[in-house]
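Before any comments, here is the structure.
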Amino acid sequence: MVDYKELASYAVILIIVLIAAQHLNVVVSGSMEPVFYRGDIVVIEKANFLGIHEFNSSDVKVGDIVVYDAAWFNQPVIHRIIDIKDINGTTMYVIKGDNNNRTDPYYVTSNQIESRVLTWGDNPLVIPWIGHISLWLRGL
Numbered sequence: 001m002v003d004y005k006e007l008a009s010y011a012v013i014l015i016i017v018l019i020a021a022q023h024l025n026v027v028v029s030g031s032m033e034p035v036f037y038r039g040d041i042v043v044i045e046k047a048n049f050l051g052i053h054e055f056n057s058s059d060v061k062v063g064d065i066v067v068y069d070a071a072w073f074n075q076p077v078i079h080r081i082i083d084i085k086d087i088n089g090t091t092m093y094v095i096k097g098d099n100n101n102r103t104d105p106y107y108v109t110s111n112q113i114e115s116r117v118l119t120w121g122d123n124p125l126v127i128p129w130i131g132h133i134s135l136w137l138r139g140l
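Counting along the sequence shown from 1, when you hit position 89 you're at 89 in full-length UniProt numbering, and nothing is skipped either side.
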């Protein structure tokens, strides 16, 4: 006999897990050390999650750590906004990894910003080392 309440509770748990997983991002390099390390997982809010705008990507500020669609790399990049410029009426962001010597090679527009790392006080929300499993499975 099928227990529909039990099935419904499993469905709700699965939906919650899937939504939570969409708000986690595995760090794939050491470019943001010592703030977080390769294999850490950061908790993010999305600029557009199923039509819901958890934050407005044009409201990011200097110091925010964002995940953006980089023109120079084949995966989203997690780096910090270090400057904001107005170039011909368009807001452009200068972004850099904390552990990098140079800024990222291109300016970034708000349309490229996919997510922002959530913070508690001044500290990003990080789950250390658990992401190594994902990196191993993906061959990174």
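Here a beta-carbon is modelled for each residue, glycine too, at the ideal position from N, C-alpha and C. Keep in mind it's a predicted model, so treat the numbers as computed, not measured.
Sub-8 Å separation of residue i and residue j beta-carbons
i: residue 81; j: residue 97; result: no
i: residue 107; j: residue 93; result: yes
i: residue 137; j: residue 26; result: no
i: residue 53; j: residue 65; result: no
i: residue 115; j: residue 6; result: no
Cβ neighbours of residue i in the same chain (closer than 6 Å, five flanking residues each side left out)
i: residue 70; result: 77
i: residue 126; result: 36, 40 and 42
i: residue 140; result: 28
i: residue 33; result: 99
Backbone secondary structure at residue i - three-state DSSP
i: residue 132; result: helix
Cα-Cα separation between residue i and residue j, rounded to whole angstroms
i: residue 117; j: residue 10; result: 29 Å
i: residue 30; j: residue 104; result: 14 Å
i: residue 59; j: residue 12; result: 33 Å
i: residue 21; j: residue 131; result: 12 Å
i: residue 16; j: residue 23; result: 11 Å
i: residue 95; j: residue 14; result: 36 Å
i: residue 121; j: residue 3; result: 44 Å
i: residue 72; j: residue 19; result: 29 Å
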